[in-house]
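Numbering (UniProt numbering), first residue to last: 1 to 227.
Below is the structure:
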């Protein structure tokens, strides 16, 4: 019996049944369904509160993976998903994203500095839980991303398509990927990484997935000097 297609609903976690067998860090990952609204509404709400996703309504394919439970699964002593650290001991990464402004006229909000996200295991229910953590920060896990500065006003069109060759490439740089990120808050696409591709002025040069000992490069990286 084959496993259904499930995604982990925790922001920043890229656990996905499509990756089982392709990436080493997915080898022992299990997926657990949310308590149902009909049978256990109280515990369901606790799970939702812990995930910190405002107005979130889980779909039937959304789960919480075993990485976010103290015991690797819901148990009597630890029934809630309370582990939101990078989990380096389980081949997950602390992600560093370096973003620099490519236009001197861009506003301060468009210029970002080096950040390292560090999440602590709460240890007990709700300890150090911050429901206000932004969705953007929670997505900055699992990968070390390198951005190539582009000396051009715009490299993506208003629909997120690469202007040079009309390619609709996911920010994970996997040519066969149909979208592995949470839906972009701006355009709704699952191919946008930390920032929406629509009208974007830069590309990711390469993405390093250390847990799988894999580096995905921008398809035209060798010829990117013309940018």
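Cβ atoms here follow ideal geometry from the backbone N, Cα and C, with glycine treated the same way.
Source: prediction; values computed, not measured.
- Taking a contact as a CB-CB distance under 8 Å, the pair residue 68 and residue 58 does not count as one, their CB atoms being some 14 Å apart.
- Per DSSP, reduced to three states, the secondary structure at residue 168 is coil, with no helix or strand assignment.
- About 5 Å separates the beta carbon of residue 172 from that of residue 180, a gap short enough to meet the 8 Å contact definition.
- Taking the C-beta atoms as reference points, residue 154 is found nearer than 8 Å to residue 201.
- Bounds of the alpha helix (DSSP H) holding residue 46 are 41–51.
- DSSP, reduced to helix, strand and coil, places residue 204 within a strand of the structure shown.
- Look at residue 156 here: in three-state DSSP terms it is strand.
- Taken in chain order, the whole beta strand (DSSP E) runs of length 3 or more contained in the UniProt domain "THAP-type" (3–84) are 62–65.
- Note on geometry: alpha-carbon atoms of residue 205 and residue 217 lie some 6 Å from one another.
- Residue environment: residue 215 is assigned as exposed (fewer than 16 neighbouring CB atoms within 10 Å of its CB, all protein chains considered).
- Judged by DSSP secondary structure, residue 217 falls within the beta strand (DSSP E) whose first and last residues are 214–217.
- When only Cα atoms are considered, residue 34 and residue 170 end up about 28 Å apart.
- Residue pairing for residue 162: DSSP places it in a beta bridge opposite 156, 167.
- C-alpha of residue 48 to C-alpha of residue 22: approximately 29 Å in a straight line.
- Of the candidates 32, 203, 184, 32 places its Cα closest to the Cα of residue 74.
- Judged by their CB atoms, residue 63 and residue 156 are not nearer to each other than the 8 Å cut-off.
- If you draw a straight line from the Cα of residue 40 to the Cα of residue 29, it comes to about 24 Å.
- Looking at the backbone, the Cα of residue 190 and that of residue 43 are separated by about 29 Å.
- The C-beta of residue 56 has fewer than 16 other C-beta atoms within 10 Å across all chains shown, which makes the residue exposed.
- Straight-line measurement puts the Cα of residue 198 at about 12 Å from the Cα of residue 185.
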